[in-house]
Amino acid sequence: MRGSPSQEQVLRHLRRCNEVAQRAVTLGHHPFGAILVAPDHETVLLEQCNIDTVNHAESTLARVAATNYPADYLWDCTLYTSVEPCCMCAGTAYWANIGRVVFGLTEAMLLQATGSHAENPTMSVPARYVFDHCQKPVELLGPVPEIAGEVLAVQRAFWSQR
């Protein structure tokens, strides 16, 4: 894997995920967003907002990436997401051969923000647990404290109106 992204790149890409999450809301979906960034840590290859309960932003993005890019290339790419990927999304990123995942907010923090909302029954299975049980070492970075407040603001604004 090529070098790691800079802190400035991490923050910029996570802010973009938050914008994609806000776009999801305008489309009538839950506020989750993900992007795929090339090995140069600058080029955004794909953006995906949440679709529904089985087509999360991260898993949909990973499936599209796997059908459009070679596995060896994806291993050097980074999937950014506003909120820690659930076990389904972490597994899909792994099977798509995406070598690094970066998230802004933990699933536990999301649960606090949603108040155990019926539309968002979070799972207490950290992405770290999923990646620690893979045969290939997916790099996981997060949460990112500098961005957590911004992600929480979008989540709280949405879930307080549901």
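Converting from the sequence shown to the working numbering requires adding 11 to each position, the first position being numbered 1.
Glycine included, every Cβ here is placed at the ideal spot set by N, Cα and C.
These figures come from a predicted structure and were not determined experimentally.
Cα separation between residue i and residue j?
| i | j | result |
| --- | --- | --- |
| T89 | G110 | 7 Å |
| T54 | P154 | 22 Å |
| A159 | V149 | 22 Å |
| N66 | F169 | 19 Å |
| T78 | P156 | 33 Å |
| L121 | S15 | 26 Å |
| S17 | R167 | 28 Å |
| T64 | R173 | 16 Å |
| C145 | Y80 | 21 Å |
| K147 | M99 | 17 Å |
| F142 | R34 | 29 Å |
| A119 | Q20 | 25 Å |
| R23 | E95 | 17 Å |
Below 8 Å on the Cβ atoms is my guess for residue i versus residue j; work out the distance and round it to an integer in Å.
| i | j | result |
| --- | --- | --- |
| A101 | C60 | With a Cβ gap of about 18 Å, A101 and C60 do not count as contacting. |
| V113 | L152 | 4 Å |
| N29 | V165 | 6 Å |
| D87 | P50 | 4 Å |
So the candidates are the options; which of them puts its Cα closest to the Cα of residue i?
| i | options | result |
| --- | --- | --- |
| Y105 | Q123, M120 and R139 | R139 |
| A68 | D87, C97 and E150 | C97 |
| L38 | I62, V141 and C145 | I62 |
| R13 | H52, V21, M134 and L22 | H52 |
State yes or no: is the C-beta of residue i within less than 8 Å of the C-beta of residue j?
| i | j | result |
| --- | --- | --- |
| A45 | Y84 | no |
| V162 | G126 | no |
| V75 | L57 | yes |
| S174 | L47 | Since the first residue shown for the chain is 12 and the last is 173, residue 174 is missing from the structure and cannot be characterised. |
| T117 | S70 | no |
| N108 | A124 | no |
- Message: Extract the residue ranges of the beta strand (DSSP E) inside the segment 120-155, only unbroken runs of 3 or more that lie entirely within it.
- Response: 150-152
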